[in-house]
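Number of protein chains: 2
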Amino acid sequence: MARWELAFSVDPAVKQPLFVQIAHAISMDVRRGRLRPGDALPGSRTLARSLGVHRNTVLAAYQELTAEGWIETARARGSFVSRDLPDPKPRALPRISPRSDVPARPAYELRHVPEMYRASQGHPPTTLALAGGIPDVRLLPSVELARAYRRVIKAQGSALLGYGDSRGHARLRTGLAQMLSVTRGVAASRDTVLITRGSQMALYLVARALTAPGDLVAVENPGYQPAWEAFRLAGARLLPLSIDSGGANVKELAKLAARGPIRAIYLTPHHQYPTTVTLSAARRIELISFARTHRIAIIEDDYDHEFHYEGRPVLPMASVDDKGAVIYIGTLSKVLAPGLRIGYVVAPPPVIEAIASYRSYVDLQGDLAVEAAVADLLEAGDVQRHIRRARRVYQERRDILAAQLKKQLGSALSFEKPTGGMALWAHVAQEIDLAAWEEQAAHHGVAFQTARRFTFDGRMRPYVRLGFASLGETEITEAVRRMARALKEMPQKGRPRRDQS
Amino acid sequence: MARWELAFSVDPAVKQPLFVQIAHAISMDVRRGRLRPGDALPGSRTLARSLGVHRNTVLAAYQELTAEGWIETARARGSFVSRDLPDPKPRALPRISPRSDVPARPAYELRHVPEMYRASQGHPPTTLALAGGIPDVRLLPSVELARAYRRVIKAQGSALLGYGDSRGHARLRTGLAQMLSVTRGVAASRDTVLITRGSQMALYLVARALTAPGDLVAVENPGYQPAWEAFRLAGARLLPLSIDSGGANVKELAKLAARGPIRAIYLTPHHQYPTTVTLSAARRIELISFARTHRIAIIEDDYDHEFHYEGRPVLPMASVDDKGAVIYIGTLSKVLAPGLRIGYVVAPPPVIEAIASYRSYVDLQGDLAVEAAVADLLEAGDVQRHIRRARRVYQERRDILAAQLKKQLGSALSFEKPTGGMALWAHVAQEIDLAAWEEQAAHHGVAFQTARRFTFDGRMRPYVRLGFASLGETEITEAVRRMARALKEMPQKGRPRRDQS
């Protein structure tokens with residue numbers, strides 16, 4: 064074999080250290096057959112001179128190649144290409160220069176994956192988003208939070224930074240259990256509470272623990288699509304229940320049960336998502352009775368319990384459940400901040416154990432330091448203080464939104480002021496092309512959610528969901544003004560017909 | 064109907080507010096038929112007097128019941144049980160007093176769930192655990208971490224505490240991409256990196272994106288059980304590859320492929336888990352070539368890249384992959400702390416998108432504030448400084464463990480000092496009953512991992528894995544002393560036979 068010479072030029076644009084580039088070039092020469100097992104490599108001085116680099120750089124490259132098994136070094140005889148390599152036939156491999164990007168496409172197939180859920184829609188920063196279910200994180204006592212984080216890390220860093228309990232930090236579980244039992248009548252203890260990463264993980268894990276492919280699960284329609292998808296990913300087939308002013312029509316369950324045994328019913332009884340109606344007492348009784356008879360799990364998602372403005376919050380169904388029929392899901396995403404990703408499940412210990420087991424293979428555990436910090440805030444009363452403050456603020460914002468809508472869009476929208484929650488559900492006058500309005504509104508710098516985001520068949524209905532929690536009062540007024548302006552300036556087709564105005 | 068009287072006694076042990084207890088008692092009377100739709104309730108003054116509570120408490124209870132739909136209040140005529148209720152037949156329901164515990168058992172069935180994985184085994188605090196793969200979080204610059212957390216919350220709290228990108232915080236993705244390309248030769252950019260909650264979530268999501276029920280996935284045996292379980296939960300059937308001094312026997316793949324198309328190969332090429340051997344260069348070449356030919360995804364789990372003590376770390380297979388065959392998984396759990404739950408996946412953008420989509424239904428997003436804080440530490444060089452320091456410390460601990468084992472357990476254990484990683488893999492002399500030793504060791508206050516934790520069939524083999532990273536030098540010496548003492552004091556059966564000593 065002719066004397067080998069390394070074809071290599073230093074590329075200053077490449078961020079890899081020089082020795083790595085050299086090692087890579089040599090290993091590529093082995094792979095494409097320019098160097099073969101047993102071939103001698105030039106001495107480090109020689110190669111350094113020919114490449115115009117420092118000898119130490121070559122030595123580092125040789126060390127790298129030795130570590131990787133490409134070359135071997137015999138003390139007196141210098142370095143050789145490993146004999147342990149397969150004898151790859153010399154091939155005309157394409158010349159590969161040091162890479163700065165990963166391949167654009169995989170060399171293998173992907174299985175079907177669902178369409179991404181985006182909680183925030185990524186509007187331009189000047190857009191005012193009447194986003195439902197998004198709290199105003201500007202109200203959060205973030206300084207107290209950061210201080211609490213530092214405090215717990217300082218006091219018990221080792222315990223919080225290591226491996227821990229898949230059910231969550233014990234102190235937060237205890238604190239939440241107390242809070243739930245005192246303020247919501249939900250009987251709970253440390254061992255019946257599991258901390259999840261937001262209510263989404265609670266839904267995902269509950270779906271996995273309850274359903275196998277083909278199982279039937281009843282859901283509300285319109286309803287919360289990310290929950291549906293969690294059940295679908297577990298293989299469940301979904302059965303939609305219609306919604307009216309009394310909440311989910313639980314009477315439909317009997318008929319749906321004819322299609323096979325229903326495993327679970329997922330619903331949002333307090334402020335139904337997205338319509339904000341409260342499930343009536345009569346239906347609650349009927350539902351619990353039906354579920355018990357048929358051994359169906361009721362999954363009660365009480366995502367914004369605290370934000371009830373007329374009278375006190377309605378107690379959850381879990382508060383009257385003494386037979387273990389209800390799996391109760393809550394979150395601090397609305398009360399504190401979504402970014403903290405703290406949700407929880409309350410259920411009998413065998414269910415908690417099952418969920419924790421599954422969870423140990425999903426992400427092992429939550430963020431114990433953040434959990435401990437939140438427990439700190441809970442124990443100090445900071446969370447409760449924040450809730451009281453936020454409730455007052457959100458109630459005012461609800462009232463302003465309702466007043467502004469009446470004033471500026473009274474003929475386009477009709478609605479009842481919601482008794483709770485963080486959004487208002489409004490019927491849109493039939494002559495309005497809602498999809499066109501939504502589009503026009505985007506041009507005017509305002510975003511709102513239309514019914515197709517919530518319908519089981521994904522089709523449009525004449526409803527909008529307008530969130531009022533995350534915007535200030537002047538922002539809300541301006542948002543409604545933009546909605547009205549967008550409606551006025553809508554292209555012919557979507558404009559209210561003359562004979563009706 | 065005879066005049067209704069509320070059978071109710073205040074239970075001071077119950078933590079619920081009095082008004083909630085009263086409301087609950089009344090609603091129970093409706094449910095058990097003692098009160099029927101249309102029945103009049105006593106005036107608030109009357110009931111307050113008869114219960115011996117303040118009138119406001121009764122008013123609050125009535126307000127609660129009204130909100131829940133149990134009762135209606137007509138301005139002049141007082142309160143009545145709602146007519147909207149179903150007419151439940153009077154039943155002799157058991158008397159239910161206010162509950163303080165959730166039911167012990169669910170009223171519905173659970174689907175099969177896997178056995179819980181416990182990363183830390185929960186030994187008594189006096190036990191010295193030679194736990195493999197657990198870093199010493201006492202070395203962590205936790206004060207800097209807490210400071211960084213406060214800094215990012217203060218500077219950009221609103222953005223970090225709201226909803227965000229399912230791929231993780233952009234700054235950390237950029238920082239990791241740079242780190243990977245500079246130190247490991249892995250070409251990566253912000254859009255080809257996804258931050259996960261530890262490598263476990265990376266494994267879980269990759270398994271979901273790649274495999275459908277029945278798909279074949281090759282794994283190492285012995286190997287990493289939590290990864291296997293992630294694939295099993297996605298429905299995969301696993302094919303074990305044996306391990307020898309050159310790492311996984313990739314030659315076996317050809318034979319295994321006869322059972323059907325293999326979708327993916329999961330392996331730990333750098334320091335094979337649990338044996339710590341490095342996959343030879345020859346096998347790397349062979350593996351990549353086989354994977355490309357058969358469109359198989361190579362899932363490279365490089366969980367402790369930095370901790371290599373002889374020479375420099377071997378560059379990952381991802382560093383030579385230019386065809387998108389390798390999915391690269393890493394973690395900061397070993398480098399910083401498991402409790403931070405920061406792992407990552409590097410793959411072509413379509414794969415990252417698919418994983419992010421799936422993830423949006425699992426937990427929506429990671430902990431953006433912690434991610435930003437870690438990005439801060441990465442940019443400031445704190446992470447790199449910590450790595451250098453930890454590497455030096457762990458290397459010393461490895462040397463001490465090896466020396467102590469030779470000295471105190473030289474006849475029981477044989478091993479090669481690992482070139483990297485955080486644990487040592489040792490063969491146990493055949494005459495020793497390993498299960499008995501493990502048990503005896505627990506009594507002596509020392510814990511180590513035996514082979515059955517890692518074998519594909521779950522059966523014992525004569526090997527132990529001894530972690531050296533999480534214990535100090537004197538702790539390691541003491542741990543080995545306890546191992547030796549446990550071995551000496553073992554009951555008859557497990558003791559080395561006399562004729563061999």
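So the sequences go chain by chain: A and B. Per this note's numbering, the first sequence starts with residue 64, numbered consecutively. Per this note's numbering, the second sequence starts with residue 64, numbered consecutively. For every residue, glycine included, the Cβ atom is placed at its ideal position computed from N, Cα and C.
Status (buried if at least 16 other CB within 10 Å, exposed otherwise) for residue i
{"i": "residue 578 of chain B", "result": "Residue 578 of chain B lies beyond the range of chain B shown here (64 to 564); nothing can be said about it."}
{"i": "residue 178 of chain B", "result": "exposed"}
{"i": "residue 364 of chain A", "result": "buried"}
{"i": "residue 547 of chain A", "result": "buried"}
{"i": "residue 496 of chain A", "result": "buried"}
{"i": "residue 481 of chain B", "result": "buried"}
{"i": "residue 420 of chain A", "result": "buried"}
{"i": "residue 120 of chain B", "result": "buried"}
{"i": "residue 367 of chain A", "result": "buried"}
{"i": "residue 377 of chain A", "result": "buried"}
{"i": "residue 276 of chain A", "result": "exposed"}
Same chain, Cβ closer than 7 Å to residue i, neighbours up to 5 away in sequence not counted
{"i": "residue 122 of chain B", "result": "107"}
{"i": "residue 204 of chain A", "result": "445, 449"}
{"i": "residue 236 of chain A", "result": "230, 253, 256, 258"}
{"i": "residue 101 of chain B", "result": "143, 144, 146"}
{"i": "residue 389 of chain B", "result": "361, 363, 380, 381"}
{"i": "residue 315 of chain A", "result": "304, 305"}
Within chain B, partners of residue i - CB distance below 9 Å
{"i": "residue 126 of chain A", "result": "374, 375"}
{"i": "residue 264 of chain A", "result": "425, 426, 427"}
{"i": "residue 289 of chain A", "result": "423, 424, 427"}
{"i": "residue 401 of chain A", "result": "224, 225, 226, 227, 427, 428"}
{"i": "residue 308 of chain A", "result": "None at all; the shortest Cβ gap to chain B is about 11 Å."}
Contacting residues, own chain, Cβ-Cβ under 8 Å from residue i (five flanking each side not counted)
{"i": "residue 159 of chain B", "result": "For residue 159 of chain B, the predicted model reports a pLDDT of 29, less than 50, meaning its position is unreliable and no value from the coordinates is stated."}
{"i": "residue 309 of chain B", "result": "340, 342, 343, 345, 346"}
{"i": "residue 216 of chain A", "result": "223, 224, 432"}
Chain A residues whose Cβ lies nearer than 8 Å to that of residue i
{"i": "residue 67 of chain B", "result": "In chain order: nothing, as chain A lies at least about 18 Å away."}
{"i": "residue 168 of chain B", "result": "387, 411, 413"}
{"i": "residue 355 of chain B", "result": "170"}
{"i": "residue 431 of chain B", "result": "402"}
Chain-ordered chain B contacts of residue i [CB-CB under 8 Å]
{"i": "residue 133 of chain A", "result": "344"}
{"i": "residue 221 of chain A", "result": "200, 201"}
{"i": "residue 88 of chain A", "result": "Under the 8 Å cutoff, chain B gives no residues; its nearest Cβ is about 12 Å from residue 88 of chain A."}
{"i": "residue 213 of chain A", "result": "209, 210, 212, 213"}
{"i": "residue 267 of chain A", "result": "424, 425, 426"}
{"i": "residue 83 of chain A", "result": "248, 378"}
Listed by chain order, chain B residues near residue i by CB distance under 7 Å
{"i": "residue 394 of chain A", "result": "Simply none; closest approach about 11 Å."}
{"i": "residue 129 of chain A", "result": "374"}
{"i": "residue 182 of chain A", "result": "226, 427"}
Residues bridged to residue i (per DSSP)
{"i": "residue 362 of chain A", "result": "A:329, A:390"}
{"i": "residue 407 of chain B", "result": "B:258, B:393"}
{"i": "residue 90 of chain A", "result": "Beta-bridge pairing links residue 90 of chain A to no other residue."}
{"i": "residue 134 of chain A", "result": "A:144"}
Beta-carbon neighbours of residue i, restricted to chain A and to distances below 9 Å
{"i": "residue 172 of chain B", "result": "273, 326, 358, 360"}
{"i": "residue 261 of chain B", "result": "426, 427, 428"}
{"i": "residue 530 of chain B", "result": "In chain order: nothing, as chain A lies at least about 12 Å away."}
{"i": "residue 463 of chain B", "result": "Within 9 Å Cβ-Cβ: nothing; residue 463 of chain B doesn't reach chain A, min ~21 Å."}
Chain A contact residues for residue i, given Cβ-Cβ distances below 7 Å
{"i": "residue 178 of chain B", "result": "420"}
{"i": "residue 417 of chain B", "result": "173, 176"}
{"i": "residue 565 of chain B", "result": "Not covered by the structure: residue 565 of chain B. The range shown for chain B is 64 to 564."}
Nonlocal neighbours in the same chain, by C-beta distance under 6 Å from residue i, ignoring five residues either side
{"i": "residue 113 of chain A", "result": "none"}
{"i": "residue 292 of chain A", "result": "177"}
{"i": "residue 338 of chain B", "result": "306, 488"}
Practice problem: Go through the stretch 215–281 of chain B residue by residue and report every complete run of the beta strand (DSSP E) that reaches 3 residues or more, in order. | Solution: 256–259
Quiz prompt | Whole runs of the alpha helix (DSSP H) within the stretch 273–347 of chain B, excluding any shorter than 4 residues | solution = 288–296, 315–319
Quiz prompt | Every unbroken beta strand (DSSP E) inside the stretch 448–482 of chain B [3 residues or more] | solution = 476–478
Quiz item: Taking the runs of the alpha helix (DSSP H) that are 4 residues or longer, which of them lie wholly in the stretch 493–536 of chain B?
Solution: 497–506
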